[in-house]
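The structure appears below as structure tokens.
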Amino acid sequence: METKWLEDFISLVETNNFSRSAQLRHVTQPAFSRRIQSLENWLGTDLIDRTTFPTRLTPAGVVFYEQALEMLGQINGVRELLRHKRAATRTTIDLAVPHTLSLTFVPKWITQLEQEFGVINSRLMALNVHDAVLQLVDGGCDLLLCYHHPRQPVQLDPGRYDMLVMGREALRAYARCDKARQPELTLPGRKSAPLPFLSYTTNAYLGRMVDLILADAKPALHLDKRYETDMAEGLKMMALEGRGIAFLPESAVTREVKQKLLARADAGGNWEIEMEIRLYRERPSASRPGKPIVAQLWDFLAERLQPASKKRRVPASER
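Heads up, the sequence shown is in this note's numbering, so the first residue is 3 and it goes up one at a time.
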């Protein structure tokens, strides 16, 4: 049994709504339902009465709810106790980062930080966006670095979490170059001859960004899905093999575009989307002060990212 199943079940009891709980847990409703079913399979009994609406617990579900609260409380209590004892002395910064950013953004970012801030000891957890966010919410990391778009936001309480915008990233269509160093495939394709399409899986954050591009596309794009994976790096390798068009973050293909191995496949069309790269931390409090090194780094980044107009020193005569 996984602790996230307990958290899913508790959320469902509190909302009485699969869709709302899936949203709060940063997962699609089908995936959320499967996790509830996995918990039921592990227990060997139904927890949810699926013959009624709105959602209602079975008698077993009512009993298990109290047990789930107690179990999760004990698990979190032990984890918090151990982390609190180690937090004051640890100098390692734990980062939760989606796979793509862990390969494209983080290495150069840390190199630059060490040149300006000083040596950083870090531990990186490369995860999907959903699990990376959960790491921060559950106290499993110090910092979360992830993509953000207004139409597919990372929903973290601004009263509890601080945020800095570290940069921006464009998601565009790319295809392998031919001998003339031009893309072998170009959008939009034709209805009678759709273009081979390399797709993200349904639950991938970048897949949802591509869905927005396709929904807004004018003229419409004609694509035939040939392959899917949740990792941009996997799609890039397939595109390099000439297997189709893939929508990839610009930073993930910088070298390949420069070497004329890949080229933009949008033929000047407006089939792209821009995302922010955001850094989050849990706001320090008396009960959860966090690591001193994280506070120092955050203050450094906040000062560096502050607009120049706000950095202007106010003369004594104006104070």
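Glycine included, C-beta positions come from ideal geometry on N, C-alpha and C.
Practice item. For the beta strand (DSSP E) containing T231, list its first residue and its last residue. Key: Here residue 231 refers to the residue found at position 229 of the sequence shown. Counted as a single uninterrupted DSSP element, the beta strand (DSSP E) harbouring T231 occupies residues L225 to T231.
Q) So the beta strand (DSSP E) S124 belongs to, where does it begin and stop? A) Taking the first residue of the sequence shown as 1, we reach residue 124 at position 122. Here the beta strand (DSSP E) through S124 covers N123 to L129.
Just tell me which of P61, R52, S13 and K262 has its CA closest to the CA of P185.
-> Within the sequence shown, the letter at position 183 stands for residue 185. Of P61, R52, S13 and K262, the residue nearest in Cα terms is K262.
Limits of the beta strand (DSSP E) - the one that H150 falls within: Stepping through the sequence shown from its first residue, residue 150 is reached at position 148. Looking at the DSSP string, the run of the beta strand (DSSP E) that includes H150 is L145 to H150.
Practice prompt. Going by DSSP, name the residue or residues bridged to Y207.
Written response: Your numbering for residue 207 matches position 205 in the sequence shown. Answer is none; Y207 lacks a bridge partner.
Legend entry - Whole-Å CB distance - L237 paired with A219, under 8 Å assumed: Numbered from its first residue, the sequence shown carries residue 237 at position 235. Numbered from its first residue, the sequence shown carries residue 219 at position 217. L237 to A219, Cβ: 18 Å. No contact.
Quick check: C148 and P221, are their CB atoms within less than 8 Å of each other? Locating residue 148 in the sequence shown gives position 146, where the first residue counts as 1. Locating residue 221 in the sequence shown gives position 219, where the first residue counts as 1. Their beta carbons are not under 8 Å apart, which means C148 does not touch P221 by this criterion.
From T102 to N130, what does the alpha carbon distance come to, in whole angstroms? Along the sequence shown, read from residue 1 onward, the residue named residue 102 stands at position 100. Along the sequence shown, read from residue 1 onward, the residue named residue 130 stands at position 128. In a straight line, the C-alpha of T102 is about 9 Å away from that of N130.
For this session: Assign P109 to one of three DSSP states: helix, strand, or coil.
Result: Here the question's residue 109 lines up with position 107 in the sequence shown. Correct three-state label for P109: helix.
Which of helix, strand or coil does DSSP assign to V167?
-> In the sequence shown, counting from the first residue as 1, residue 167 sits at position 165. Strand at V167.
Alpha carbon to alpha carbon, how far is R280 from F119?
In the sequence shown, the residue the question calls residue 280 occupies position 278. In the sequence shown, the residue the question calls residue 119 occupies position 117. Each residue's CA atom was taken as its position, placing R280 and F119 some 19 Å apart.
Can you tell me where the alpha helix (DSSP H) with S201 in it begins and where it stops? Position 199 of the sequence shown holds residue 201. Premise fails: S201 lies in the beta strand (DSSP E), L197 to Y202, not in any alpha helix (DSSP H).
* Asked: Does the beta-carbon of D268 have 16 or more other beta-carbons within 10 angstroms, so that it is buried, or is it exposed?
  -> Along the sequence shown, one-based indexing puts residue 268 at 266. Buried, by the Cβ-count rule.
| message | Measuring alpha carbon to alpha carbon, tell me which residue in K110, I50 and D159 is nearest P61. | response | Here residue 61 corresponds to residue number 59 of the sequence shown, with the count starting at 1. That would be I50, whose Cα lies nearest to the Cα of P61.
message: Please state the DSSP three-state secondary structure of V139.
response: Walking along the sequence shown from the start, residue 139 turns up at place 137. It is helical.
DSSP three-state call for V316: helix, strand or coil? Within the sequence shown, the letter at position 314 stands for residue 316. The predicted position of V316 is uncertain, since its pLDDT is 43 and thus under 50; a value taken from the coordinates is nonetheless stated next. Three-state DSSP puts V316 in coil, outside helix and strand.
4 or more residues per run - each alpha helix (DSSP H) lying fully within the region 29-79 | Whole alpha helix (DSSP H) segments, 4+ residues: 31-45.
- Item | Span of the beta strand (DSSP E) around L323 | Shown here, the chain extends from 3 to 321; a query on residue 323 therefore has no answer.
| Does the distance from the C-beta atom of Y207 to that of Q154 stay below 8 Å? | The count along the sequence shown starts at 1 and reaches residue 207 at position 205. The count along the sequence shown starts at 1 and reaches residue 154 at position 152. It is a contact, given that the beta carbons lie within the stated cut-off.
T275 classed as buried or exposed, judged by whether at least 16 other C-beta atoms fall within 10 angstroms: Position 273 of the sequence shown, counting from 1, holds the residue named residue 275. Looking at the sequence shown, residue 275 is not Thr but Ile. Per the 10 Å Cβ criterion, buried.
Review point. Looking only at C-alpha atoms, which of Q298, Q308 and R178 sits nearest to I95?
Key: On the sequence shown, residue 95 is found 93 positions in, with the first residue counted as 1. Out of Q298, Q308 and R178, Q298 has the C-alpha closest to the C-alpha of I95.
Consult DSSP for Q184 and reduce its assignment to one of helix, strand or coil.
-> Numbered from its first residue, the sequence shown carries residue 184 at position 182. When secondary structure is reduced to three states using DSSP, Q184 falls in the coil class, being assigned neither helix nor strand.
- Which listed residue (S104, F11, N18 and V29) has its alpha carbon closest to that of T330: The structure shown does not extend to residue 330, since the chain is modelled only from 3 through 321, so no value can be given for it.
Taking 8 Å as the threshold (C-beta atoms), are L145 and Y282 in contact? Along the sequence shown, one-based indexing puts residue 282 at 280. Along the sequence shown, one-based indexing puts residue 145 at 143. Yes. Within cutoff.
| request: Please classify R280: does DSSP put it in a helix, a strand, or coil? | output: Working through the sequence shown from its first residue, we reach residue 280 at position 278. DSSP, reduced to helix, strand and coil, places R280 within a strand of the structure shown.
Where does E305 land, buried or exposed, given buried means 16+ other C-beta within 10 angstroms? Here residue 305 refers to the residue found at position 303 when the sequence shown is read from its first residue. Flag for E305 reads exposed.
(Q) So if DSSP puts L97 in a beta bridge, which residue, or which two residues, is it bridged to? (A) Reading the sequence shown from its first residue, position 95 is the one you call residue 97. BP columns for L97 point to L126 and L145.
Distance check for S287 and F1, CA to CA, integer angstroms please. Residue coverage of the chain in this structure runs from 3 to 321, which leaves residue 1 outside it and unanswerable.
- Are there three or more Cβ pairs, one per stretch, closer than 8 Å when the region 164-182 is compared with the region 250-261? Yes, since at least three Cβ pairs between the region 164-182 and the region 250-261 fall closer than 8 Å, the two stretches touch.
- Message: Looking at the secondary structure, which residues open and close the beta strand (DSSP E) in which L250 lies?
- Response: Here residue 250 is taken as the residue at index 248 of the sequence shown, counted from 1. Here the beta strand (DSSP E) through L250 covers I247 to P251.
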